[in-house]
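Peer 1:
Chains as they are written, first to last, in the numbering used here: chain A, 742 to 997; chain B, 93 to 320.
(1) 7 Å is my cut-off, CB to CB: does residue 107(B) come that close to chain A?
(2) Could you check whether the Cβ of residue 93(B) sits closer than 7 Å to any Cβ belonging to chain A?
(3) In whole angstroms, what separates the C-alpha of residue 224(B) from that of residue 274(B)?
(4) Taking CB distances under 7 Å as the criterion, tell me whether residue 989(A) reaches chain B.
(5) If you draw a straight line from the alpha carbon of residue 93(B) to that of residue 978(A), how long is it in whole angstroms?
(6) What residues from chain A crowd round residue 171(B), counting only those whose CB sits closer than 7 Å?
(7) Tell me whether residue 899(A) is buried or exposed, calling it buried when 16 or more other Cβ atoms sit within 10 Å of its Cβ.
(8) Under 7 Å, do residue 782(A) and residue 980(A) count as touching if we go by C-beta distance?
(9) Assuming contact is defined by CB atoms lying nearer than 7 Å, are residue 949(A) and residue 960(A) in contact in what I supplied?
(10) Out of 957(A), 952(A) and 969(A), state which residue places its alpha-carbon closest to the alpha-carbon of residue 937(A).
(11) Residue 167(B) touches chain A at which residues, Cβ-Cβ below 7 Å?
(12) Going along the chain, which residues of its own chain have a beta-carbon closer than 8 Å to the beta-carbon of residue 847(A), five neighbours each way excluded?
(13) Please classify residue 968(A) as buried or exposed, where buried requires at least 16 neighbouring CB atoms within 10 angstroms.
(14) Quick one: using the 10 Å Cβ neighbour count with 16 as the cut-off for buried, is residue 750(A) buried or exposed?
(15) Taking residue 943(A) as part of the alpha helix (DSSP H), name the residues at either end of that continuous run.
(16) When the cut-off is 7 Å and only beta carbons count, does residue 886(A) lie next to chain B?
(17) At a CB distance below 8 Å, what residues from the region 829-849 of chain A approach chain B? Give them in sequence order.
(18) With which residues is residue 762(A) paired in a DSSP beta bridge?
(19) Shorter than 7 Å from the beta carbon of residue 999(A) to some beta carbon of chain B?
(20) Going by Cα to Cα distance, which pick from 838(A), 756(A) and 775(A) is closest to residue 942(A)?
(21) Start and end of the alpha helix (DSSP H) containing residue 788(A)?
(22) Can you find a C-beta in chain A that's less than 7 Å from the C-beta of residue 98(B)?
(23) Given that residue 102(B) touches chain A, what residues does it touch there, using C-beta distances under 8 Å?
(24) Please list, in chain order, the chain B residues whose beta carbon lies closer than 8 Å to that of residue 983(A).
(25) Is the beta carbon of residue 973(A) sitting closer than 7 Å to the one on residue 770(A)?
(26) Which class does residue 773(A) belong to by DSSP, given the choice of helix, strand or coil?
(27) I'd like the ranges of any alpha helix (DSSP H) spanning at least 4 consecutive residues and lying wholly in the region 222-301 of chain B.
(28) According to the Cβ coordinates, are residue 933(A) and residue 837(A) closer than 7 Å?
(29) With DSSP run on the structure shown, which of helix, strand or coil describes residue 891(A)?
(30) Nearest-angstrom Cα distance between residue 954(A) and residue 308(B)?
(31) Given that residue 306(B) touches chain A, what residues does it touch there, using C-beta distances under 8 Å?
(32) Where does residue 840(A) sit, in a helix, a strand or coil, going by DSSP?
(33) Please state whether DSSP places residue 925(A) in a helix, a strand or coil.
(34) If residue 252(B) and residue 227(B) are in contact, beta carbons under 8 Å, what's the gap, nearest whole angstrom?
(35) Is it the case that the Cβ atoms of residue 38(B) and residue 130(B) are separated by a distance below 7 Å?
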């Protein structure tokens with residue numbers, strides 16, 4: 742790996758247990774800053790579980806235990822002194838199904854900056870909302886309907902609204918868990934195009950079942966199988982010349 | 093063929109592509125064998141073989157179509173992708189090999205029309221034999237995706253080049269000593285056609301190597317200096 746590129750996330754020997762069941766087995770990985778990394782692998786391989794260790798979303802699951810260390814931007818996020826609220830602003834998340842709040846488009850985006858105290862006036866908040874909607878490629882479609890409900894948007898627009906909501910609190914990292922699986926090909930293309938744009942400012946980690954999506958959008962790809970990180974490297978290498986036979990079999994559609 | 097992919101229709105597609113390449117390879121091969129077997133024999137009717145070249149061309153076009161279809165529908169990756177992307181290239185090389193056999197027939201027909209003695213073509217028996225071996229081996233390596241054997245072909249072409257150089261010099265000297273005749277000029281052209289078939293065998297060998305290793309052979313291929 743290129744030593745000059747800074748790793749904003751450093752995971753060392755991370756294991757995750759659900760009760761007695763070990764879902765992630767001693768995974769070590771470094772995620773490059775301002776790049777897109779894709780986690781791929783068959784269902785149940787642990788890729789989503791591993792993604793959720795990066796902003797402590799697994800904390801909400803009972804009997805979930807984590808070993809090893811996850812360093813985000815120099816901070817051990819599992820240190821007892823860490824407050825998860827600012828952590829989850831720093832490491833935002835976009836989910837499989839767009840989940841806007843049942844509020845106006847404006848309020849969906851303004852909510853985060855407001856609770857994190859990022860705006861000192863209404864006009865400042867307006868600016869943040871506009872910037873976030875522009876950043877998520879939704880401004881032109883939403884500018885004249887900011888007071889309409891976010892749930893009235895199309896699926897693709899709702900997902901971009903969720904991205905706007907995430908970037909409004911100025912995260913460093915955006916975790917995306919199957920962000921396009923509920924979208925049609927056009928909405929998917931818009932999100933993928935947006936991801937490349939967002940990667941200029943943010944570090945993006947995406948879990949996807951679509952191998953083609955991983956190949957299209959990411960610079961790095963990590964292949965997980967049965968809780969193990971099998972292979973991690975440049976996306977072009979992984980898809981053209983995978984080193985591990987398990988990776989080869991998976992991306993070629995030979996194992997499920 | 094054993095089932096490899098979860099989607100068995102993908103295996104069927106790959107198998108169909110392999111069959112087309114095998115068919116094209118055996119047609120190009122049998123054409124070259126028939127042409128080199130009969131070329132020095134005045135009794136042999138090779139003209140009737142020209143029509144086989146159309147079948148070889150037709151297969152090239154089928155391989156192109158099948159390749160585009162598989163890429164569009166199956167989105168192949170890694171080794172599969174390399175295997176598929178090299179198919180039309182290999183088909184083009186086989187088509188060229190077919191063309192050289194056809195050129196030999198045409199050149200020989202020209203010699204017959206000129207009333208030339210075809211026995212001069214016996215001097216090409218050695219290079220024909222080497223070219224046949226190279227073609228046999230490269231088609232075998234292709235069928236089994238055996239890059240070690242492919243590399244031996246890639247290295248072995250130097251022998252054909254060396255023997256071609258010997259034959260060329262022999263005919264050339266005779267032309268200098270006894271004055272040139274159309275038969276000798278035509279024999280030199282045919283010798284060159286046979287030598288070019290060896291070159292295409294090395295090109296196919298390079299593709300086989302690429303399929304297995306994901307990179308082109310980056311060594312210097314053994315070569316001889318061609319001097320008269």
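Even for Gly, the Cβ is constructed at its ideal location relative to N, Cα and C.
These numbers come from a predicted model, not from an experiment.
Peer 2: Short version:
(1) No - not a single Cβ of chain A is within 7 Å of the one on residue 107(B).
(2) In this prediction, residue 93(B) has a pLDDT of 43, which is less than 50 and means its spatial position is unreliable; what the coordinates show is noted afterwards. No, residue 93(B) lies away from the interface with chain A (no Cβ there is under 7 Å from its Cβ).
(3) Using only the alpha carbons, I get a separation of about 26 Å.
(4) So yes, residue 989(A) belongs to the interface.
(5) Unreliable positioning characterises residue 93(B) in this predicted model, as indicated by a pLDDT of 43, which lies under 50. A coordinate reading is not provided.
(6) Those within 7 Å of residue 171(B) in chain A are 989 and 993.
(7) Around the beta carbon of residue 899(A), 16 or more other beta carbons lie within 10 angstroms, which makes this residue buried.
(8) No, the Cβ-Cβ distance between residue 782(A) and residue 980(A) is not below 7 Å.
(9) No. Outside cutoff.
(10) Minimum Cα distance to residue 937(A) is reached at 957(A).
(11) Correct list: 953.
(12) Counting only Cβ-Cβ distances below 8 Å, and skipping sequence neighbours, we find 870, 887 and 888.
(13) Counting C-beta atoms within 10 angstroms of its own C-beta, residue 968(A) has 16 or more neighbours from the protein chains shown and is therefore classed as buried.
(14) Looking at its Cβ environment, which holds 16 or more other Cβ atoms inside 10 Å, residue 750(A) is buried.
(15) For residue 943(A), no alpha helix (DSSP H) run applies, since DSSP gives it neither H nor E.
(16) So no, residue 886(A) is outside the interface.
(17) Interface annotation for the region 829-849 of chain A against chain B: empty, criterion Cβ-Cβ distance under 8 Å.
(18) Residue 762(A) is bridged to 759(A).
(19) Because chain A is modelled from 742 through 997, residue 999(A) falls outside the range shown and cannot be assessed.
(20) Per the Cα distances, 775(A).
(21) Run containing residue 788(A): 788-794, per the alpha helix (DSSP H) assignment.
(22) Closer than 7 Å to some Cβ of chain A, the Cβ of residue 98(B) qualifies, so yes.
(23) Contacts between residue 102(B) and chain A, judged by CB atoms closer than 8 Å, involve 994 in chain order.
(24) Within 8 Å Cβ-Cβ: 170.
(25) Cβ distance < 7 Å, so residue 973(A) and residue 770(A) count as in contact.
(26) Secondary structure of residue 773(A) (DSSP, three-state): strand.
(27) If we require 4 residues or more, the alpha helix (DSSP H) runs fully inside the region 222-301 of chain B come out as 239-270.
(28) Not closer than 7 Å, so no.
(29) Residue state, collapsed to three classes: helix.
(30) The alpha-carbon atoms of residue 954(A) and residue 308(B) are separated by roughly 28 Å.
(31) Neighbours of residue 306(B) on chain A, chain order: 981 and 982.
(32) DSSP places residue 840(A) outside both helix and strand once states are collapsed to three, so it counts as coil.
(33) For residue 925(A), the three-state secondary structure derived from DSSP is coil.
(34) Not really, about 10 Å apart at Cβ, beyond 8 Å.
(35) No information on residue 38(B) is available, as it lies outside the stretch 93 to 320 that chain B covers here.
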